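Inspection log for the structure reproduced underneath, given as structure tokens.
Protein chains: 2
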Amino acid sequence: MKSSRNASGPRPGAASRATLLAAATRLFAQYGYEGASVERIASRAKVNRAMVSYHFGGKQKLYRAILRRGLEALEQRLAVVRSCANPAPRRLAQFVEAFAAVATEQVSFPAIMLREVLSGGHHLDGILLSHMAAAFGLVREIIEQGVRERSFRAVDPVLTHLGLIGSLVFYFASAPTRSRLISEGKLAVRSEPPIGDYVRHIQELMTLGLTAPALNPSPRRNHGLKVSRRR
Amino acid sequence: MKSSRNASGPRPGAASRATLLAAATRLFAQYGYEGASVERIASRAKVNRAMVSYHFGGKQKLYRAILRRGLEALEQRLAVVRSCANPAPRRLAQFVEAFAAVATEQVSFPAIMLREVLSGGHHLDGILLSHMAAAFGLVREIIEQGVRERSFRAVDPVLTHLGLIGSLVFYFASAPTRSRLISEGKLAVRSEPPIGDYVRHIQELMTLGLTAPALNPSPRRNHGLKVSRRR
DNA sequence: GTCTATAGGCTGATAGAC
DNA sequence: GTCTATCAGCCTATAGAC
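Protein chains in written order, with the working numbering: chain A, 1436 to 1666; chain B, 1436 to 1666.
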């Protein structure tokens, strides 16, 4: 780490650092860690190869800096939701909005994190793992609150978290490819669904899907699905 | 393509083909296309490097053969669900089961497909895309059936498909990493949730989350989430 | 079918001039 | 801070012996 500041604004004469970060972020998301070569990253940033070693100390440290930046942005947004006293369904909707906000602000973040997880998560150090744990902790907290307040049925927080994160990460990480395939007419879909529509869809799906059944058994239809208690 | 048959059983003296397929499948899932070298694939299959070119005509054709195998297995399972006359909620549950069956049979399939999508889907030819389109077509068909039969509310099939596929693919593709992190005590979770539990969770979540509201407005709680109609 | 040897290119890192 | 030159290592593909 040669520069003294970590997340500081680019000072004059060090424009290449920020440019490299931006270029590398896009390329890691699109091609993966091995697929994005230092040469391509530097050339997209219109900067010399050697700048990667100079500013970050190598490809791997550049990659880790990108992971850190994304997870810190998420953590910051989730902290707001965490300190928010709202009914559980509303807080869960806020969680979805927070994730979508980060994914909109840093479009490459979901794809990079997803790839990191697929690759075994070997670049995740203690700090990064604690950020991920914190995200799950918030979901669990919200679920438990909802169950306590009788607005949610007694779902498993782990399963709920996995399903929610999965649907969010997949939507955002696959958006570029989906857009490409749609614009080339290779998917029988008119246009890429807007982010807001998807966010609302997931919010509604989760809210309705987690809602506790009414206390006096109302005529809630059950269509052939054998619903059994877990464990 | 030197051998005359594509998905035939291994004939004596050509054991290396099947071994290579198996080894490559695992490595592509774990390390990605660029991350899995022909050398490592061959060495894991205990076979000479040159066998990749001999049996498949190169790394890329080996990779495409793996994609094809997975998507064909999925298509086969989904065909059963497609030709099944059941109520929509039951059929949607069957879709989830079919996907889980493929993911259990070919553990590396979800991760490979996910990586392929993240990378832009450039290896997907017409046939492979039609298999993916068929999967979406089935979900859309089920959703439309449910809306017609008044068991589902009027959700967008595209959004529903994306959310469902996302939660399924993510769970299966991230399972190895999750298991590793749990066993190393780096995730504050006791143990990896069993597949059956997750399948049931998603089935319940989808069924309840898509259920049409009762016709005479029963006291269905709405906890602060502003539910608005799409578009 | 299997293997060795080799070709030709790309990789990431760095020493050292400016 | 930036750049050039260069290193050793790895990559895929293939010709040709067996």
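We put the CB at the ideal spot given by N, CA and C, even for glycine.
On a predicted model such as this, the values are computed, not experimentally measured, just so you know.
Taking the beta carbon of Gln1495 of chain A as reference, no residue of chain B falls within 7 Å; the closest one sits roughly 14 Å away.
When only Cα atoms are considered, Arg1588 of chain A and Asp1632 of chain B end up about 16 Å apart. For the options A:Ala1523, A:Ile1630 and A:Ala1528, the alpha carbon positioned closest to that of Glu1579 of chain A is the one of A:Ala1523. When 7 Å is used as the limit between beta carbons, Lys1621 of chain A is near these residues of chain B: Leu1564, in chain order. With a contact defined as Cβ atoms closer than 8 Å, Leu1502 of chain A and Glu1551 of chain A qualify at about 6 Å. Under the DSSP assignment, Glu1584 of chain A falls outside any alpha helix (DSSP H); it carries neither an H nor an E label. The C-alpha of Pro1628 of chain B is placed about 7 Å away from the C-alpha of Leu1594 of chain A. Rounded to whole angstroms, the Cβ separation of Arg1512 of chain A and Ala1546 of chain A is 18 Å, and the two are not in contact under 8 Å.
If you check the CB distance, Ala1480 of chain A and Thr1454 of chain A come in under 8 Å. The beta carbon of Ala1458 of chain B lies closer than 7 Å to those of Ile1476, Arg1479 and Ala1480 in the same chain, with the five residues before and after it left out. For the region 1471 to 1502 of chain B, the set of residues with a beta-carbon nearer than 8 Å to any beta-carbon of chain A is empty.
Among the residues facing chain A, Ser1554 of chain B is included, as its CB has a counterpart in that chain under 8 Å away.
Take Ala1608 of chain B, set aside five residues on each side of it, and the residues of its chain with a beta-carbon closer than 6 Å to its own are Pro1545, Ala1546 and Leu1549, in chain order. For Arg1526 of chain A, the CB contacts under 8 Å within the same chain, skipping 5 residues up- and downstream, are Val1516, Cys1519, Ile1577 and Gln1580 in chain order. Less than 8 Å separates the beta-carbon of Met1486 of chain A from that of Ser1451 of chain A.
Taking a 10 Å sphere around the C-beta of Ile1637 of chain A, we find 16 or more other C-beta atoms and assign the residue as buried. Residue A:Gly1556 holds the alpha-carbon nearest to the alpha-carbon of Pro1611 of chain B among A:Ala1570, A:Gly1556, A:Asp1560 and A:Ala1647.
Remark: C-beta atoms of Phe1530 of chain B and Val1574 of chain B approach each other more closely than 8 Å. Here Arg1583 of chain B is exposed, its C-beta having fewer than 16 other C-beta atoms within 10 Å.
Chain order gives the chain B residues near Arg1615 of chain A as Gly1555 and Gly1556, where near means a beta carbon separation below 8 Å.
Using a CB distance below 8 Å, the part of the region 1448 to 1466 of chain B facing chain A consists of Ala1464, Gln1465 and Tyr1466, ordered along the chain. Excluding five sequence positions before and after Ala1647 of chain B, the CB atoms of its chain that fall closer than 7 Å to its own CB belong to Arg1585, Ser1586, Phe1587 and Arg1588, given in chain order. Interface residue (Cβ-Cβ distance to chain B less than 8 Å): Arg1550 of chain A is classified as such.
Among the residues of chain A, those whose CB is under 7 Å from the CB of Ala1568 of chain B are Leu1622 and Ala1623, following chain order.
Under the three-pair Cβ rule at 8 Å, the region 1554 to 1570 of chain A does not count as touching the region 1612 to 1628 of chain A. A Cβ-Cβ contact shorter than 8 Å links Glu1469 of chain A with Glu1469 of chain B. Among the residues facing chain A, Phe1530 of chain B is not included, as its CB has no counterpart in that chain under 8 Å away. Of B:Ala1500, B:Ala1538, B:Lys1494 and B:Val1482, the smallest CA-CA separation from Leu1509 of chain B is found for B:Ala1538. Each of B:Ser1554, B:Ile1617, B:Ala1471 and B:Val1473 was checked against the Cα of Gln1465 of chain A, and the nearest Cα belongs to B:Ser1554.
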